[in-house]
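Asker:
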Amino acid sequence: MSQTNADSLEQALEQHRHEWVEKLFELGRELKRDKAGLVGVMLITALVLMAVFAPYIAPHDPTDQDLTARLAPPVWYEKGTLKHILGTDHLGRDVLSRTIHGARVSLWVGAAVVLLAGGFGVVMGLMAGYLGGRTDAFVMRWVDTQVAFPGLLLALIILAVIGPSLTTVVVVLALNGWMVYGRMTRSAVLSIRQSPYVEAAEVVGCRWPRVIFRHILPNLTSPLLTLGILEFARIVLAEAALSFLGLGIQPPATSWGLDVAMGKNYMFMAWWLVTIPGCAIAVTVLAINLVASWLRLISDPQEREKQFARHMAGAMRKKMHATIKKELEAP
Amino acid sequence: MKKYGRLLLAAVLMVVVLAGTGWAKAEGITIALGSEPTTLDPQIREDGGERAVNDNIYDTVLTRTPEGDMMPSLAAQMPKLVDADTWEVTLRSGITFHNGEPLNADAVVYSIKRVIDPEFNSEQISFFSTITDARATGDLTLHVITDGPDPILPTRLYWLKVVPPKHSKDPKFAENPVGTGPYRFVAWQRGQHIDLVRNEDYWGPAPQISSVRYRFIEEPGTRLAGLMAGEFDLITNLLPEFTSHVPKSVNVLGLEHPIIILNADDGVTKDARVRKALNYAVDKQALAQGLFEGFAQVAQGQLLSPSFFGYNDQVKAYSYDPDKAKKLIEEAGVKGQTIELIGTSGRWLKDRDLVEAVADFWKKAGLDVKVRIFEFNEYLNRLFDRKTRADGIFVVSSNELLDADKSFSAYYKAGGIGSSNTDETLAGLIDAARSETDEKKRENLYHQAVQLAYDQAYFVWLLNIEDIYGLSARLEWPGRVDARLLVREMQVR
Numbered sequence: 007m008s009q010t011n012a013d014s015l016e017q018a019l020e021q022h023r024h025e026w027v028e029k030l031f032e033l034g035r036e037l038k039r040d041k042a043g044l045v046g047v048m049l050i051t052a053l054v055l056m057a058v059f060a061p062y063i064a065p066h067d068p069t070d071q072d073l074t075a076r077l078a079p080p081v082w083y084e085k086g087t088l089k090h091i092l093g094t095d096h097l098g099r100d101v102l103s104r105t106i107h108g109a110r111v112s113l114w115v116g117a118a119v120v121l122l123a124g125g126f127g128v129v130m131g132l133m134a135g136y137l138g139g140r141t142d143a144f145v146m147r148w149v150d151t152q153v154a155f156p157g158l159l160l161a162l163i164i165l166a167v168i169g170p171s172l173t174t175v176v177v178v179l180a181l182n183g184w185m186v187y188g189r190m191t192r193s194a195v196l197s198i199r200q201s202p203y204v205e206a207a208e209v210v211g212c213r214w215p216r217v218i219f220r221h222i223l224p225n226l227t228s229p230l231l232t233l234g235i236l237e238f239a240r241i242v243l244a245e246a247a248l249s250f251l252g253l254g255i256q257p258p259a260t261s262w263g264l265d266v267a268m269g270k271n272y273m274f275m276a277w278w279l280v281t282i283p284g285c286a287i288a289v290t291v292l293a294i295n296l297v298a299s300w301l302r303l304i305s306d307p308q309e310r311e312k313q314f315a316r317h318m319a320g321a322m323r324k325k326m327h328a329t330i331k332k333e334l335e336a337p
Numbered sequence: 007m008k009k010y011g012r013l014l015l016a017a018v019l020m021v022v023v024l025a026g027t028g029w030a031k032a033e034g035i036t037i038a039l040g041s042e043p044t045t046l047d048p049q050i051r052e053d054g055g056e057r058a059v060n061d062n063i064y065d066t067v068l069t070r071t072p073e074g075d076m077m078p079s080l081a082a083q084m085p086k087l088v089d090a091d092t093w094e095v096t097l098r099s100g101i102t103f104h105n106g107e108p109l110n111a112d113a114v115v116y117s118i119k120r121v122i123d124p125e126f127n128s129e130q131i132s133f134f135s136t137i138t139d140a141r142a143t144g145d146l147t148l149h150v151i152t153d154g155p156d157p158i159l160p161t162r163l164y165w166l167k168v169v170p171p172k173h174s175k176d177p178k179f180a181e182n183p184v185g186t187g188p189y190r191f192v193a194w195q196r197g198q199h200i201d202l203v204r205n206e207d208y209w210g211p212a213p214q215i216s217s218v219r220y221r222f223i224e225e226p227g228t229r230l231a232g233l234m235a236g237e238f239d240l241i242t243n244l245l246p247e248f249t250s251h252v253p254k255s256v257n258v259l260g261l262e263h264p265i266i267i268l269n270a271d272d273g274v275t276k277d278a279r280v281r282k283a284l285n286y287a288v289d290k291q292a293l294a295q296g297l298f299e300g301f302a303q304v305a306q307g308q309l310l311s312p313s314f315f316g317y318n319d320q321v322k323a324y325s326y327d328p329d330k331a332k333k334l335i336e337e338a339g340v341k342g343q344t345i346e347l348i349g350t351s352g353r354w355l356k357d358r359d360l361v362e363a364v365a366d367f368w369k370k371a372g373l374d375v376k377v378r379i380f381e382f383n384e385y386l387n388r389l390f391d392r393k394t395r396a397d398g399i400f401v402v403s404s405n406e407l408l409d410a411d412k413s414f415s416a417y418y419k420a421g422g423i424g425s426s427n428t429d430e431t432l433a434g435l436i437d438a439a440r441s442e443t444d445e446k447k448r449e450n451l452y453h454q455a456v457q458l459a460y461d462q463a464y465f466v467w468l469l470n471i472e473d474i475y476g477l478s479a480r481l482e483w484p485g486r487v488d489a490r491l492l493v494r495e496m497q498v499r
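Chains as they are written, first to last, in the working numbering: chain A, 7 to 337; chain B, 7 to 499.
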């Protein structure tokens with residue numbers, strides 16, 4: 007008896023794993039079809055790996071200064087050296103190493119804030135939009151109040167309590183950024199809750215948490231993804247602003263945004279201080295955009311339908327061309 | 007009809023363009039400051055932006071030549087000591103304020119009483135702390151009374167801007183300043199600009215420049231761009247890297263000394279060997295030549311410039327000796343221990359860069375340096391926190407009186423607003439010097455104080471920064487050692 011039970015459990019697990027792997031393969035196949043998405047995924051993987059293995063990749067210690075070799079240009083200039091391929095900053099630190107290390111803070115802050123603020127904001131928006139009434143009034147007035155409250159003041163208060171650190175930056179930015187998710191989710195829920203499938207779920211007797219998380223939330227994936235991406239880019243720069251004021255991360259740690267902010271003063275004579283970390287930000291945002299637009303396509307049933315139709319039409323066209331060709335070639 | 011309309015339009019446009027560029031610029035200049043004044047009351051705040059504007063609207067009782075020598079201004083001659091704690095000041099006759107109020111002994115007495123009034127709570131009180139009273143003895147003569155002998159009273163009077171007794175009681179006084187100076191106030195558009203125009207009835211030599219507009223641009227890069235575009239004629243705190251880019255630049259050995267105050271009573275820095283090691287560890291020459299591109303001098307182991315009263319030329323800077331630093335730190339047994347270094351960002355020229363550079367030097371000497379860059383207000387809280395002193399606090403001391411007393415009372419003397427030691431001997435020397443009227447003896451006391459602080463390494467003395475100004479091609483100005491932006495000394499070609 008127990009034998010068969012274990013068997014079936016193992017079998018079930020096996021089958022489940024199968025399904026899971028199958029789904030992953032399916033995802034891979036879809037990714038292969040979308041070239042832009044593939045590039046995005048590859049870029050993000052590379053960036054994350056770069057952040058994780060920064061100490062092994064970076065040619066120098068990012069805090070190692072050399073005041074006699076400050077503001078050295080990149081290697082392709084006459085005065086550039088191979089020692090500092092992308093030049094040095096105003097304290098003679100290697101720009102390439104700083105950019106590699108900066109990825110750690112920037113990616114971490116960006117991801118953490120978007121997840122925290124997004125998670126909280128979406129839950130609040132779902133509840134406000136679906137439950138309506140007092141919940142709605144309460145949440146929306148809370149959002150209004152906080153939007154009216156100056157963000158820097160909030161940052162200062164938090165700073166006085168827990169002191170500047172990476173955690174502070176994440177907390178401050180998340181506290182300042184969740185409202186936009188809340189508002190957007192609420193407005194989307196207001197229109198979706200009238201749709202037949204939500205009514206059907208209600209009639210069947212689903213309780214509200216199930217309705218909002220199981221039936222409504224998946225249908226909000228595409229707009230929320232887009233919003234999250236837009237926010238990510240903003241957060242990377244907002245972190246820089248806080249850090250530059252002394253409210254954020256502390257030296258010798260660095261981030262892309264902070265390096266841009268610090269290099270700004272030297273822009274007229276040393277463009278690489280701003281441009282290189284700036285490019286890193288741009289590439290990250292681009293990669294995330296590519297992935298997001300791909301995710302949006304595959305997460306939206308209507309888009310999938312269109313894509314499928316396009317795919318089928320393409321195949322049919324090919325087949326047709328082949329037939330015509332064959333007929334023409336035939337004597 | 008249509009044709010005429012177009013002609014008219016063209017004519018109007020031409021007039022507007024000419025008025026906008028050519029005419030208005032003729033003898034007026036625009037100065038870009040780093041910060042907007044918080045008020046235009048010359049006696050309440052200790053604020054660089056306010057000073058830059060009001061130095062041109064108000065006159066002081068005494069003034070300095072561009073090289074730093076004292077000379078009478080509103081006073082007809084240098085003040086005379088009538089007894090140990092009373093000075094007699096005689097004023098020039100025939101001077102009036104811009105609103106017609108006469109400048110007489112009563113006005114000066116009123117100004118002194120106003121600024122030392124505890125109710126008024128002036129931030130400039132440290133400049134006048136020894137003055138207890140003033141009284142008029144004639145229409146143009148007055149006595150200034152100090153608590154005990156005060157040898158640097160003339161220096162204090164150099165700081166005293168004289169305000170009109172009637173108008174200064176107006177609640178709008180802080181927005182509508184009226185002085186005796188070479189320029190009159192015209193308008194203040196908050197966040198935009200302040201306009202001044204030449205005072206045609208000025209008692210001194212008439213200035214050449216007819217009007218001044220002050221603009222407030224925080225970012226050094228933006229100030230530079232404005233100068234290059236011809237928008238500004240003078241910008242302050244030019245980055246040393248850009249001196250070769252601007253049409254003209256002026257550099258004067260300034261009053262600013264960046265130092266690090268070490269906590270001599272607690273933490274790793276309690277040990278004098280560690281404090282010395284921290285001095286040996288920093289390559290001051292590299293900071294001056296590298297970070298400041300040669301526009302700074304290595305501070306000679308004291309918080310004074312050679313031109314200041316009390317400067318001890320026997321004391322030289324700690325040499326750069328990283329091996330000695332490492333050895334001292336190992337001897338003291340603090341290798342690898344944490345040392346906290348507090349700084350701020352954007353307040354002084356390259357403040358954050360200096361802190362980061364010093365932190366790296368210390369790290370190489372074998373300490374774990376924890377840098378904390380605070381937003382300016384929070385930074386001030388830490389700097390003036392009397393209960394818990396951080397191991398190291400970066401500060402840029404600016405001594406406008408050019409006399410050891412101000413810097414030493416604030417940072418050297420136990421209990422001073424920014425001091426981190428409890429050395430009674432040092433405090434005794436500073437107190438004794440403060441009331442010593444014999445100049446030689448007084449100087450000798452400061453020499454001893456400098457030597458003592460140096461031997462104990464209460465600070466890491468870094469640099470003496472040069473003030474660098476960027477000028478447009480048409481402006482002529484030699485600069486001043488006291489960093490005052492006196493428009494009457496400027497000329498437009």
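No residue lacks a Cβ here, since even glycine has one placed at the ideal position from N, Cα and C. Here the structure is a predicted model, which is why all the values come from computation and not from measurement.
Counting pairs of beta carbons, one from the stretch 101-118 of chain A and one from the stretch 276-287 of chain A, are three or more of them closer than 8 Å?
Answerer: Flag = yes, the stretch 101-118 of chain A and the stretch 276-287 of chain A touch.
Asker: At a Cβ threshold of 7 Å, is Thr74 (chain A) touching chain B?
Answerer: Chain B, which has a Cβ nearer than 7 Å to the Cβ of Thr74 (chain A), makes this yes.
Asker: Here's the rule I'm using: 16 or more other beta-carbon atoms within 10 Å means buried, otherwise exposed. How should Ile241 (chain B) be labelled?
Answerer: Its Cβ being crowded by 16 or more others within 10 Å, Ile241 (chain B) is buried.
Asker: Using a C-beta cutoff of 7 Å, does Ser8 (chain A) count as contacting chain B?
Answerer: Because Ser8 (chain A) carries a pLDDT of 49, less than 50, the predicted location of this residue cannot be relied on, and the following value inherits that uncertainty. Judged by the 7 Å Cβ criterion, Ser8 (chain A) is not in contact with chain B.
Asker: Could you name the residues that DSSP lists as bridge partners for Val150 (chain B)?
Answerer: Note: Val150 (chain B) sits in a beta bridge opposite B:Trp93, B:Ala140.
Asker: What does the Cβ neighbour count give for Leu24 (chain B), buried or exposed, with the cut at 16 atoms within 10 Å?
Answerer: Confidence is the limiting factor: at Leu24 (chain B) the pLDDT is only 46, short of 50, which leaves the residue's position unreliable and the question unanswerable from this model.
Asker: From which residue to which residue does the beta strand (DSSP E) around Thr36 (chain B) run?
Answerer: Thr36 (chain B) -> beta strand (DSSP E) spans 34-39.
Asker: Would you give the residue range spanned by the beta strand (DSSP E) that Leu477 (chain B) belongs to?
Answerer: Note, Leu477 (chain B): beta strand (DSSP E), 469-477.
Asker: Give the interface partners of Asp366 (chain B) over in chain A, defined as CB-CB distance under 8 Å, in chain order.
Answerer: Within chain A, the residues near Asp366 (chain B) are Thr69, Asp70, Gln71, Leu97, Pro258.
Asker: Identify the contact partners of Tyr83 (chain A) in chain B, using a Cβ-Cβ distance below 9 Å as the criterion.
Answerer: Within 9 Å Cβ-Cβ: nothing; Tyr83 (chain A) doesn't reach chain B, min ~16 Å.
Asker: From Thr232 (chain A) to Pro224 (chain A), what does the alpha carbon distance come to, in whole angstroms?
Answerer: One C-alpha to the other measures close to 14 Å.
Asker: Inspect the beta-carbon positions of Val150 (chain B) and Pro170 (chain B) and report whether they are closer than 7 Å.
Answerer: Contact: no.
Asker: Excluding the 5 residues preceding and the 5 following Ala438 (chain B) in the sequence, name in chain order all residues of the same chain whose CB lies nearer than 7 Å to its CB.
Answerer: These residues qualify, in order along the chain: Leu451.
Asker: What does the alpha-carbon distance come out to for the pair Phe465 (chain B) and Gln308 (chain B)?
Answerer: Taking the straight line joining both Cα atoms gives about 9 Å.
Asker: Starting from the N-terminal side, write out each stretch of the alpha helix (DSSP H) that is 4 residues or longer and does not extend beyond the stretch 193-236 of chain A.
Answerer: 202-210, all fully within the stretch 193-236 of chain A.
Asker: Classify Gly26 (chain B) as buried or exposed, calling it buried when 16 or more other Cβ atoms lie within 10 Å of its own Cβ.
Answerer: Summary for Gly26 (chain B): the model assigns pLDDT 44, below 50, so the residue's position carries little reliability; its value from the coordinates is reported in the next sentence. Answer is exposed; the Cβ neighbour count stays below 16.
Asker: Which term fits Thr394 (chain B), buried or exposed, when burial requires 16 or more other beta carbons within 10 angstroms of its beta carbon?
Answerer: By the neighbour-count rule (16 or more Cβ atoms within 10 Å), Thr394 (chain B) is not buried but exposed.
Asker: Using a Cβ-Cβ distance cut-off of 7 Å, determine whether Leu469 (chain B) contacts chain A.
Answerer: Not closer than 7 Å to any Cβ of chain A, the Cβ of Leu469 (chain B) fails to qualify, so no.
Asker: Applying a beta-carbon distance threshold of less than 8 Å, which residues of chain B neighbour Trp270 (chain A)?
Answerer: It is Lys, not Trp, that sits at residue 270 (chain A) in the sequence shown. By Cβ distance, chain B contributes Glu225, Gly227.
Asker: Going by the DSSP bridge assignment, what does Trp194 (chain B) pair with across the sheet?
Answerer: Paired residues: B:Ile200.
Asker: Tell me the DSSP bridge mates of Glu482 (chain B)?
Answerer: Its beta-bridge partners are B:Gln497.
Asker: Using a C-beta to C-beta distance shorter than 9 Å, which residues of chain B count as neighbours of Leu165 (chain A)?
Answerer: Simply Phe380, Glu381, Glu384.
Asker: Would you list the one or two residues that DSSP bridges to Ser415 (chain B)?
Answerer: According to DSSP, Ser415 (chain B) bridges with nothing at all.
Asker: Which chain B residues are close to Met273 (chain A), counting only those with a beta carbon under 7 Å from its beta carbon?
Answerer: Going along chain B in sequence order, the residues near Met273 (chain A) (Cβ under 7 Å) are Gly227.
Asker: Return the chain-ordered list of same chain residues with a C-beta closer than 8 Å to the C-beta of Met7 (chain B), the five sequence neighbours on each side being excluded.
Answerer: Residue placement at Met7 (chain B) is flagged as unreliable, the pLDDT there being 46, under the threshold of 50; the coordinate-derived value follows with that caveat. So no residue of the chain qualifies.
Asker: Going by CA-CA distance only, name the one from B:Gly100, B:Leu389, B:Asp397 that's closest to Asp145 (chain B).
Answerer: When only C-alpha atoms are compared, the closest one is B:Gly100.
Asker: Cβ closer than 9 Å: which chain A residues qualify as neighbours of Asp359 (chain B)?
Answerer: Simply His96, Leu97, Met268.
Asker: Just how far apart, CA to CA, sit Ile50 (chain A) and Pro215 (chain A)?
Answerer: The alpha-carbon atoms of Ile50 (chain A) and Pro215 (chain A) are separated by roughly 33 Å.
Asker: Nearest chain A C-beta to Ala30 (chain B) closer than 7 Å, yes or no?
Answerer: A caution first: Ala30 (chain B) carries a pLDDT of 43, below 50, which makes its placement in the model too unreliable to give a value.
Asker: Using a Cβ-Cβ cut-off of less than 8 Å, give me the residues of the stretch 236-255 of chain B that come near chain A, in sequence order.
Answerer: The stretch 236-255 of chain B vs chain A, Cβ under 8 Å: Leu245, Glu247, Phe248, His251.
Asker: Straight-line CA distance for His453 (chain B) to Thr36 (chain B)?
Answerer: So the two alpha carbons sit approximately 43 Å from each other.
Asker: In the stretch 290-311 of chain B, which residues sit with their C-beta less than 7 Å from some C-beta in chain A, listed in chain order?
Answerer: Listed by position, the residues of the stretch 290-311 of chain B near chain A (Cβ gap below 7 Å) are Ala292, Leu293, Gly296, Leu297.
Asker: Return yes when the Cβ of Gly135 (chain A) is within less than 7 Å of the Cβ of Leu195 (chain A), no when it is not.
Answerer: Reading off the sequence, residue 195 (chain A) comes out as Val, not Leu. A contact, by the Cβ cut-off of 7 Å.
Asker: Compare the C-alpha of Val128 (chain A) against each of A:Ile218, A:Arg99, A:Val242 and name the closest.
Answerer: Considering only alpha carbons, the answer is A:Ile218.
Asker: Give every residue of the same chain whose Cβ lies closer than 8 Å to the Cβ of Ala30 (chain B), excluding the five residues on either side of it in the sequence, and list them in chain order.
Answerer: Only weak support exists for where Ala30 (chain B) lies, its pLDDT of 43 falling under 50; the value from the coordinates is given anyway. Nothing listed; no residue qualifies.
Asker: Do three or more CB pairs link the stretch 69-84 of chain A to the stretch 302-317 of chain A at distances below 8 Å?
Answerer: The stretch 69-84 of chain A, when compared against the stretch 302-317 of chain A, does not touch it at the 8 Å Cβ threshold.
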